[in-house]
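Numbering (the working numbering), first residue to last: 5 to 141.
Beta carbons: idealized from backbone N, C-alpha and C, even for Gly.
All remarks here apply to the structure that follows.
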């Protein structure tokens, strides 16, 4: 293959296969959730710890679902709450979060759903779909 042909082929593939960078989850800081809810966003909270195997399993499912459906990242604000840093935070207490590996969806003043220690794809997909519906997507 000649250099000119290679460059033309590379350019064609680049145009034909646009790359979409997946939005990263936001790291929780005090006030962030209330700020995002006040802005009308649908918020998906992931209370997790780096050492938690259940949290890691949930994260793999969430990432796979996001890869399958980009609308999740486009319509939902994902926020990771570090359990080791924020287990006694006012948000954690207000939402009555019992433990790490808890997933919660909020919209406005309403909690739309939660999963505690569940790792099933169908269960997590249903929670993410409720968030997507609330976001109007």
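query: Cβ neighbours of residue 46 in the same chain (closer than 6 Å, five flanking residues each side left out); result: 80, 111, 135, 138, 139
query: Length at least 3, wholly inside the segment 20-59: the beta strand (DSSP E) runs in chain order; result: 46-52
query: Spatial distance of residue 50 from residue 128 (CA atoms); result: 11 Å
query: Segment limits, alpha helix (DSSP H) that includes residue 75; result: 75-79
query: Top-ranked residue by Cα proximity to residue 122, from 44, 72, 52, 30; result: 52
query: Buried/exposed call for residue 33, threshold 16 Cβ in 10 Å; result: exposed
query: Unbroken alpha helix (DSSP H) run spanning residue 129, endpoints; result: 125-138
query: Close Cβ partners of residue 26 (< 7 Å) along its chain, the five nearest in sequence each way excluded; result: With a pLDDT of 42 at residue 26, under the threshold of 50, the modelled position of this residue cannot be trusted, and the question is left open.
query: First and last residue of the uninterrupted alpha helix (DSSP H) at residue 98; result: 94-98
query: Own chain residues within Cβ distance below 7 Å of residue 88, not counting five before or after; result: 53
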